[in-house]
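Take a look at the structure below.
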Amino acid sequence: MALIYFPKTMLLLLLGCTLSFAGHAKTAEESKTFINFAVQYYPPFIIEHAQEQGVLIDIFELFAAQYHYQPNYPVYPEKRSSVEIERGNVDVRMESEHWYRGTMQMCWSAPIYTIEDVFVTHKQAEQFDVNGLNEHLFLGRFGYTYPQLEPYFDSNLLQRKDYYSEFDILSVLAGGSDKSLAFSIVGEPTLRWLQLKYPVLKSTISVRGVSDVAPLQLQFGRTQRAKKLCDDFNHFYADFKKTEQFKQILLKYGL
4 MALIYFPKTM LLLLLGCTLS FAGHAKTAEE SKTFINFAVQ YYPPFIIEHA
54 QEQGVLIDIF ELFAAQYHYQ PNYPVYPEKR SSVEIERGNV DVRMESEHWY
104 RGTMQMCWSA PIYTIEDVFV THKQAEQFDV NGLNEHLFLG RFGYTYPQLE
154 PYFDSNLLQR KDYYSEFDIL SVLAGGSDKS LAFSIVGEPT LRWLQLKYPV
204 LKSTISVRGV SDVAPLQLQF GRTQRAKKLC DDFNHFYADF KKTEQFKQIL
254 LKYGL
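Right, dumping it as structure tokens:
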């Protein structure tokens, strides 16, 4: 192999350029603010193990690049993420002011999408009557609150079994031994997304009415960093939600 000779002056020039480039790269990296975005999977807004990460992540990545944030996406159960954001270990998470049961004052994003929560049962279940819930079995998600049902849970008038995801809940509804009694409440966009991915859920699951309507938002923590993050995101989103790019993200996920 032939050796290539560089004059000393050229070597010094190349070395200087390399060090200069490395210095600029390091400066750019150091100028970014590192933040924790607590992830709870909720398709199509945050999607587990998929190339397409979801509506919220797509929007947040565009925001972070423009405002020089470096997001980290740790996965947390719902209840733990609500604790960690109050402790200051998490900067932002998916939530709704309507669903939030904490007592601390938090900063919130503007609504990103309006969620219709719907009652669902197996198609072969008997006629569903919201006034006779004590005769049924509710399949819920760990850490979630269901405002319309909380009085039943508090009075032990409704049995509840919890699962880790809407997919798990719908799978049990689709083929479980309790299909004549069991019901759940899921977001209509989530139901539609999962039924498109898993046709068996479309052929076995029926919607029995609307339970609640709430805005899906981002909730930001109480630290100074999180408050600035909240202000920056709301400033970004006020214009972004009017763009064609925002519409294309929604269409990409069937919304």
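Reminder that position 194 of the sequence shown reads as 197 in our numbering, one-by-one numbering, no gaps.
Glycine residues also receive a C-beta, built at the ideal position from the N, C-alpha and C atoms.
Could you work out which residue in the options is closest to residue i when comparing CA atoms only?
i: residue 253; options: 90, 47, 125, 64; result: 47
i: residue 200; options: 183, 173, 184; result: 173
i: residue 188; options: 207, 142, 146; result: 142
i: residue 204; options: 135, 36, 79, 170; result: 170
i: residue 226; options: 235, 94, 153; result: 94
i: residue 114; options: 92, 59, 73, 72; result: 59
i: residue 166; options: 146, 250, 154; result: 146
i: residue 100; options: 83, 118, 236; result: 118
i: residue 104; options: 240, 130, 85; result: 85
i: residue 50; options: 251, 153, 192, 70; result: 192
i: residue 111; options: 70, 130, 136, 235; result: 235
Among the residues of its own chain, which have a CB less than 6 Å from the CB of residue i, if the five just before and after it don't count?
i: residue 212; result: 122
i: residue 116; result: 219
i: residue 107; result: 89
i: residue 83; result: none
i: residue 251; result: none
Sorted by chain position, which residues of the same chain lie with C-beta nearer than 7 Å to residue i's C-beta, five sequence neighbours on each side aside?
i: residue 88; result: 41, 96, 222, 224
i: residue 214; result: 120, 121, 122, 151, 188
i: residue 137; result: 155, 160, 161
i: residue 131; result: 122, 124, 186, 211
i: residue 6; result: Its pLDDT being 40, under 50, residue 6 is placed unreliably by the model, and the measurement read from it follows with that caveat. Cβ neighbours of residue 6 beyond the five flanking positions: none.
i: residue 31; result: Caution is warranted here: a pLDDT of 49 is assigned to residue 31, below 50, making its placement in the model unreliable, and no coordinate value can be reported.
Can you tell me whether residue i is buried or exposed? The criterion is at least 16 other CB atoms within 10 Å of its CB, across all chains shown.
i: residue 109; result: buried
i: residue 81; result: buried
i: residue 98; result: buried
i: residue 238; result: exposed
i: residue 159; result: exposed
i: residue 134; result: exposed
i: residue 157; result: exposed
i: residue 68; result: exposed
i: residue 190; result: buried
i: residue 74; result: buried
i: residue 178; result: exposed
i: residue 163; result: exposed
Cβ atoms of residue j and residue i: under 8 Å apart, would you say?
i: residue 124; j: residue 209; result: yes
i: residue 182; j: residue 128; result: yes
i: residue 65; j: residue 139; result: no
i: residue 76; j: residue 35; result: no
i: residue 62; j: residue 232; result: no
i: residue 79; j: residue 168; result: no
i: residue 241; j: residue 102; result: no
Can you name, in chain order, every residue of its own chain whose Cβ lies under 8 Å from the Cβ of residue i, other than the five neighbours on each side?
i: residue 176; result: 123, 124, 125, 142, 182, 185, 186, 187, 207, 208
i: residue 28; result: Reliability fails at residue 28, whose pLDDT of 45 lies under 50, so the model's placement of it is uncertain and the value that follows must be treated cautiously. So the list is empty, once near-sequence residues are dropped.
i: residue 91; result: 224, 225, 226, 229
i: residue 249; result: 62, 243
i: residue 245; result: none
i: residue 144; result: 81, 165, 166, 167, 168, 169, 172
i: residue 24; result: At residue 24, the pLDDT of 47 sits below 50, so the modelled position is not reliable; the number obtained from the coordinates is stated separately. Hits under 8 Å: none found.
>> Under 8 Å, with one C-beta from each stretch per pair, do the stretch 239-258 and the stretch 186-198 reach the 3-pair mark?
In response: yes
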